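Residue numbers (our numbering): 176 to 328.
Just so you know, even glycine gets a beta-carbon here, dropped at the ideal spot from N, CA and C.
Only a predicted model underlies this, so the values are computations on that prediction, with no experimental measurement involved.
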């Protein structure tokens, strides 16, 4: 993922842990059917190809597991409109409608932020805005689960 230096620094300050050259391989569940861990594999950069781009290659036997409570797929770029239609989230051409400042969607207990809530014209601010929305959305979900309210300065 490309990012400006200041975006990387802000993410670190917010407690983001970076795992460079790492590829998710499998999500493992527990006996209750809930997410328990994500299995990853380390990657290594290859020499640049004819196009000048360096490709990555998996390092065999480098798999490791990270314990998690949940997994959020956040790779951006494309909206999965068929899924939005299937679950019934209110959207316009894949841009999910959310309650401003709360990030709740038209479905109870479903929240959205970042790429899927952006229309055209967000450009370079997208990464910074998505990161901030992600943080605020996490607070809102926590509040909802705890039955609390929090205001942001």
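Ranked by Cα distance from residue 218, the first of 189, 194, 202, 246 is 194. The beta carbons of residue 213 and residue 243 sit about 5 Å from each other, so the pair counts as a contact at 8 Å. Per DSSP, reduced to three states, the secondary structure at residue 228 is coil, with no helix or strand assignment. The region 260–280 makes no contact with the region 223–237: fewer than 3 CB pairs, one atom from each, lie closer than 8 Å. Per DSSP, residue 283 lies in no alpha helix (DSSP H) and is assigned neither H nor E.
In the three-state DSSP reduction, residue 247 falls in the coil class, being neither helix nor strand.
DSSP places residue 267 in the strand class (E or B) of the three-state scheme. As DSSP reads the structure, residue 240 sits in a beta bridge with 214. Residue 197 is bridged by DSSP to 217.
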